[in-house]
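Heads up: take any position in the sequence shown, counting from 1, add 3, and you land on this note's numbering.
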Amino acid sequence: MSRRPLTVGIIANPASGRDVRRLTANAGLFSSTDKVSVIQRLLAAFGATGIEQVLMPTDMTGIAAAVLRNSHSRQARSSHWPALEFLDLTLRQTVEDTRQAARLMAEREVSLIAVLGGDGTHKAVAAEVGDIPLLTLSTGTNNAFPELREATSAGLAGGLYASGRIPAQIGLRRNKRLLVCDAGRGLREVALVDVAVSPLRFVGARAISRAQDLAEVFVTFAEPQSIGLSALCGLWFPVSRQAAGGAWMRLDPQSPEALLVPLAPGLLQGCGVLAAGPLEPGIAHGLSLSRGTLALDGEREIEFNAQDRPTVTLDAGGPLSIDVNAVLAYAAQQRLLAIGREHPQHPLNLQEDTPGE
4 MSRRPLTVGI IANPASGRDV RRLTANAGLF SSTDKVSVIQ RLLAAFGATG IEQVLMPTDM
64 TGIAAAVLRN SHSRQARSSH WPALEFLDLT LRQTVEDTRQ AARLMAEREV SLIAVLGGDG
124 THKAVAAEVG DIPLLTLSTG TNNAFPELRE ATSAGLAGGL YASGRIPAQI GLRRNKRLLV
184 CDAGRGLREV ALVDVAVSPL RFVGARAISR AQDLAEVFVT FAEPQSIGLS ALCGLWFPVS
244 RQAAGGAWMR LDPQSPEALL VPLAPGLLQG CGVLAAGPLE PGIAHGLSLS RGTLALDGER
304 EIEFNAQDRP TVTLDAGGPL SIDVNAVLAY AAQQRLLAIG REHPQHPLNL QEDTPGE
């Protein structure tokens, strides 16, 4: 029986980093060309660590086409890129494209999925793949869940883990999540970073970018350097990714205490703070408003009225992700990236034998 090739997935959200907040703030544009560059750096790192095949979705913005074209280049051959397979999707240019790609990769039992996007993209992938680890790469507007990293280093960490050289207890991190439930409506949704309660009655343009549109925020973690809704707690009641609990904050524009918060890149607003505190795992919290909308990871998705009873609960069963720092520290201790005459078949050594054009 033939051995299955060592396979990973790459999902790049074509729309990430290009949403309406680019018009209301001063965030930079993360173009398709930028994403192609990130993918190519990942492919070089995956090839160097022994990954044999990469699955990618097709798209309508030219990302897949550019990667395919560049896979025939001298650089790709000298870097020993893995074989590429492009998934045949029914493209809708919505988040369903991301979900469909993630489901197909899960069916193929990939060893990990590298995700290029913001919080919403990572949430969509995590919802479909169970315990397949995510290699998180920030290319969105608000990027609290995916940490900002150079793709080459992240790719080395992902490749080392996927090729079986990193113990799971070292290389993987279990993330927290927030469960939004309403039994009467059969509602159960998940957020990876934050759930915000807004007095706005309708989903509308989805993104929240005004302080007066916030009444309450629940977070899985909140770091002082964050951008987005989680920055509210990060600058007032910070809680780390590694902590068991999360945090909550109640807001009111008329509060005598106010906090200057970066709600989006370049968008600083004063938010009135009423109260804040720890969010303990497993305890369902009701909402401070009787009607309004709920924003999950920065975008309004759920409308609720007086007859509804939505709750927010912190849960420890979120997605697995590659702990890049821990993997590379272990690789350094174990000399996993050492090359030399004693490792003649190492992918990096094979580069020396690549013929020129």
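The C-beta atom is built at its ideal place from N, Cα and C for all residues, glycine as well.
From a predicted model like this one, the values you see are computed outputs, not experimental measurements.
Top-ranked residue by Cα proximity to residue i, from the options
i	options	result
R62	Q96, A261 and A194	It is Asp, not Arg, that sits at residue 62 in the sequence shown. Closest option to D62, Cα to Cα, is Q96.
I169	S114, V183, V198 and G120	S114
S82	L90, M108, L94 and E55	E55
Y164	A157, T155 and G174	G174
A109	C274, V11 and S243	V11
D197	G53, R152 and G249	G249
I135	N146, R106 and R152	R106
S76	F89, L46, R102 and A329	L46
R102	Q78, M59, P256 and G65	M59
E192	G120, L182 and A218	L182
S35	R44, A67 and V57	A67
I257	G273, L203 and L235	Contrary to the premise, residue 257 reads as Gln rather than Ile in this sequence. It is G273.
V70	E219, Q310, K38 and R338	K38
S212	P268, V57 and G162	P268
V330	G161, D91 and A234	G161
T155	L138, N146 and F148	L138
Q310	S324, D185 and L90	D185
A18	L119, F89 and G343	L119
A234	L271, G167 and D91	L271
E112	D91, T93 and V57	V57
C-alpha distance - residue i paired with residue j, whole-angstrom precision
i	j	result
I14	A117	6 Å
R194	R180	The identity of residue 194 in the sequence shown is Ala, whereas the question assumes Arg. Straight-line Cα distance between these residues: approximately 6 Å.
A229	D216	The question names Ala, but residue 229 is Ser in the sequence shown. Approximately 19 Å, taken between the alpha carbons.
S74	A210	37 Å
A334	G320	27 Å
V222	L190	19 Å
A247	R177	11 Å
D312	N16	Rather than Asp, the amino acid found at residue 312 in this sequence is Arg. So the two alpha carbons sit approximately 33 Å from each other.
A287	L151	32 Å
V41	T52	17 Å
R7	G50	16 Å
F307	R253	18 Å
R188	I305	11 Å
E99	E131	11 Å
D255	F205	20 Å
S141	E226	16 Å
A157	A86	19 Å
Q245	N328	14 Å
G359	R72	Note that G359 has pLDDT 39, beneath the 50 cutoff, so the model's placement of it is unreliable and the number below is only indicative. If I take the Cα positions, the gap works out to 19 Å.
G121	L232	13 Å
A48	W84	8 Å
F303	A341	The residue you asked about is not Phe; residue 303 is Arg in the sequence shown. Cα to Cα, the separation comes out at about 48 Å.
Q43	R80	12 Å
V220	A199	4 Å
D326	L9	20 Å
C236	A278	10 Å
G167	S324	15 Å
G275	F89	49 Å
P149	P322	12 Å
L266	G289	24 Å
Opposing strand residues paired with residue i [DSSP bridges]
i	result
E131	DSSP output for E131 lists no bridge partner at all.
H83	Answer by DSSP bridge pairing: none, since H83 is not bridged.
V315	V183 and H288
F221	V198 and W251
G320	Partner(s): none; G320 has no beta bridge.
F89	M59
Host alpha helix (DSSP H) of residue i (start-end)
i	result
F49	S35 to A51
V70	I66 to N73
L235	S233 to G237
Residue i: first and last residue of the uninterrupted beta strand (DSSP E) it sits in
i	result
Q56	Q56 to P60
Q96	That residue, Q96, is in no beta strand (DSSP E); it is neither H nor E in DSSP.
A278	L270 to L282
V379	Residue 379 lies beyond the stretch modelled for the chain, which goes from 4 to 360, so this question has no answer here.
A117	I116 to G120
S141	L137 to S141
Any non-hydrogen atom of the ligand COA closer than 6 Å to residue i Cβ
i	result
S243	Within the structure as shown, the ligand COA is missing, as the structure has no ligands at all.
> Do the segment 260 to 271 and the segment 291 to 299 make contact, defined as three or more Cβ pairs closer than 8 Å?
Replying inline: no
> For the 8 Å Cβ check, are there 3 or more pairs between the segment 307 to 322 and the segment 276 to 285?
Replying inline: yes
> Can you find at least 3 beta carbon pairs, one from the segment 295 to 312 and one from the segment 120 to 128, that sit closer than 8 Å?
Replying inline: yes
> Three or more C-beta pairs closer than 8 Å, one from the segment 227 to 246 and one from the segment 322 to 338: is that the case here?
Replying inline: no
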